[in-house]
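K.L.:
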Amino acid sequence: ESLPASRVYAYRSWQSVGVRVREGDELRIRARGSWVYTPGEYHGPEGHARYMSPAFYPLPSVPGGALIGRIGENGEPFYVGRAGVWWMRESGLLYLRIDDDILSDNDGFVTVEVTVVSPSPTPN
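In this text, residue positions in the sequence shown follow the working numbering: the first is 1, and each later residue adds one.
1. Under the three-state reduction of DSSP, which class applies to residue 4: helix, strand or coil?
2. Quick one: what does DSSP say residue 23 is sitting in, helix, strand or coil?
3. Would you report the Cα separation of residue 120 and residue 105, rounded to the nearest angstrom?
4. Could you pull out every residue in the same chain whose Cβ sits closer than 8 Å to the Cβ of residue 141, ignoring the five residues on either side in sequence?
5. Under the rule that 16 or more other beta-carbon atoms within 10 Å means buried, what is residue 102, buried or exposed?
6. From residue 111 to residue 27, what does the alpha carbon distance come to, in whole angstroms?
7. Assuming contact is defined by CB atoms lying nearer than 9 Å, are residue 67 and residue 90 in contact in what I supplied?
8. What are the residues that DSSP puts in a beta bridge with residue 9?
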């Protein structure tokens, strides 16, 4: 099921895009656009090429300012970047955000396209 494109804003924390996944689903995300993560510099959803996120960011050791996701309000964050495919090990709402600690100096948004493919039922 392909869902309408959604915006993820750089100055907001975790944002639901209205997508619920179930364990076993295939989740596909594509993102485009740019946001201000470092003052005066625009970056895409892949994050800042020269700045890895520190330990106190929501997801350390990935490019700072990258698009990240999690399943459910307390799920473990994962790197999304420009695009990816994941097989769900848990069920819940998809949340997305920029990987940054201080959001008030950020600007812009990325547009995400989400597709969820549920496994085919096994014939009896």
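Ideal Cβ positions, reconstructed from N, Cα and C, are used throughout, including at glycine.
Source: prediction; values computed, not measured.
P.N.:
Judging by the given coordinates:
1. Indexing the sequence shown from 1 puts residue 4 at position 4. It is coil, neither helix nor strand.
2. To locate residue 23, count along the sequence shown from 1; it is residue 23. In the structure shown, residue 23 sits in coil (DSSP, three-state: anything other than H, G, I, E or B).
3. Against the sequence shown, residue 120 aligns to sequence position 120. Against the sequence shown, residue 105 aligns to sequence position 105. When rounded, the distance between both Cα atoms is 45 Å.
4. Look at the range of the chain in this structure, 1 to 124, and you will see that residue 141 is not part of it.
5. Position 102 of the sequence shown, counting from 1, holds the residue named residue 102. Burial call: exposed.
6. Within the sequence shown, numbered from 1, the residue matching residue 111 stands at position 111. Within the sequence shown, numbered from 1, the residue matching residue 27 stands at position 27. When rounded, the distance between both Cα atoms is 16 Å.
7. In the sequence shown, counting from the first residue as 1, residue 67 sits at position 67. In the sequence shown, counting from the first residue as 1, residue 90 sits at position 90. No. Outside cutoff.
8. Residue 9 sits at position 9 when you count from the first residue of the sequence shown. For residue 9, which the question treats as bridged, DSSP gives the partners 109.
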